[in-house]
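The structure appears right after this line, and notes come after that.
Numbering (my numbering), first residue to last: 1216 to 1483.
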């Protein structure tokens, strides 16, 4: 299987990192504020170190882009780059809510070719190699509509929900709090929810792995202006994310499309 070596090494690294995250959640960790006032914990940094040690030793020629590592512009000249979010959903981790995950993708020519999202709390590891389908804990996943006969479920950020940004969707959807966008994208890829939407700025590491999982499941994902997502860019940031599962009702897809112009007011 092409790229199976990369995926195997990635899965090993993620399970080791996930075990350490759970240990720190149990035994204690430190939390500090970044310059933008978002929290980062000693677990974020420990997971980043484990992933870096595993992946850079196995693939020393590849580049590296991680939320918790200084950005090296040399990645822009690399044929392949690992895009890493050591813990997506840090606030969920701090509050011991089992919605945090580790999200990693291998990028080649701007597109993810190998990806995995791992929730250590639930021991669910979603993975994909481009063109070979979606897997959960090594078993093939046929994405299916789990919420048939009910209102479609959309994951929204709590702040955006509170401010009424997506109030137009209230009559036609059920809302799921989005504590980790990476985990929400994984859940959508396997059919547990129908859509994910945010018009807040997002980073490449938040969504790179989710893009491949969704592609392999047959869903759709764009930035908040409706443009396709590409990776390993000089400024690794997007203006929002709109994603729909293969079973998302066309009516909801149209409602989300109608919201896209509003993203033009967002800052990157």
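Glycine included, every Cβ here is placed at the ideal spot set by N, Cα and C. Keep in mind the model is a prediction, meaning the values are calculated, not measured.
Assigned secondary structure, residue i (DSSP; H/G/I helix, E/B strand, else coil)
| i | result |
| --- | --- |
| residue 1448 | coil |
| residue 1443 | coil |
| residue 1465 | helix |
| residue 1431 | helix |
| residue 1473 | helix |
| residue 1288 | helix |
| residue 1406 | coil |
| residue 1438 | strand |
| residue 1356 | coil |
| residue 1262 | helix |
| residue 1347 | coil |
| residue 1312 | coil |
| residue 1479 | Because the pLDDT of residue 1479 is 43, which lies under 50, any placement of that residue in the model is unreliable, and the number read from its coordinates should be weighed accordingly. Helix at residue 1479. |
Chain-order list of residues whose beta-carbon lies under 7 Å from that of residue i (same chain, five-residue window excluded)
| i | result |
| --- | --- |
| residue 1339 | 1351, 1352 |
| residue 1355 | 1348 |
| residue 1290 | 1278, 1279, 1280, 1296, 1447 |
| residue 1485 | No answer is possible for residue 1485: it lies beyond the span of the chain, which begins at 1216 and ends at 1483. |
| residue 1226 | 1331, 1340, 1342 |
| residue 1469 | none |
Beta-carbon proximity of residue i to residue j, cut-off 8 Å
| i | j | result |
| --- | --- | --- |
| residue 1328 | residue 1262 | no |
| residue 1232 | residue 1280 | no |
| residue 1475 | residue 1413 | no |
| residue 1343 | residue 1431 | yes |
| residue 1396 | residue 1417 | yes |
| residue 1239 | residue 1258 | yes |
| residue 1471 | residue 1410 | yes |
| residue 1434 | residue 1403 | yes |
| residue 1234 | residue 1335 | yes |
| residue 1309 | residue 1388 | no |
| residue 1428 | residue 1341 | yes |
| residue 1445 | residue 1325 | yes |
| residue 1465 | residue 1367 | no |
| residue 1425 | residue 1401 | yes |
| residue 1229 | residue 1330 | no |
| residue 1373 | residue 1386 | no |
| residue 1305 | residue 1254 | yes |
For residue i, the first and last residue of its enclosing beta strand (DSSP E)
| i | result |
| --- | --- |
| residue 1390 | 1389-1392 |
| residue 1342 | 1339-1344 |
| residue 1383 | Unbroken run through residue 1383: none, as it is neither H nor E. |
| residue 1251 | Where residue 1251 is concerned, there is no enclosing beta strand (DSSP E), given that its DSSP letter is neither H nor E. |
| residue 1322 | 1316-1323 |
| residue 1278 | 1278-1281 |
Start and end residues, alpha helix (DSSP H) containing residue i
| i | result |
| --- | --- |
| residue 1232 | 1219-1242 |
| residue 1375 | 1373-1377 |
| residue 1296 | Segment 1295-1303 is the beta strand (DSSP E) holding residue 1296; no alpha helix (DSSP H) there. |
Sequence-distant residues of the same chain with beta carbon closer than 8 Å to residue i, five excluded per side
| i | result |
| --- | --- |
| residue 1307 | 1313, 1314, 1315, 1394, 1395 |
| residue 1365 | 1389 |
Cut-off 6 Å between Cβ atoms - residues of its own chain near residue i, not counting five sequence neighbours on either side
| i | result |
| --- | --- |
| residue 1224 | 1273 |
| residue 1282 | 1300, 1420 |
| residue 1482 | Note that residue 1482 scores 38 on pLDDT, short of 50, meaning its location in the model is unreliable; the coordinates nonetheless yield the value given after this. Here the set comprises nothing. |
| residue 1244 | 1256, 1257, 1258 |
The region 1281-1297 in contact with the region 1318-1327 per 3-pair CB rule at 8 Å: yes
At least 3 beta-carbon pairs within less than 8 Å: the region 1440-1460 vs the region 1419-1427: yes
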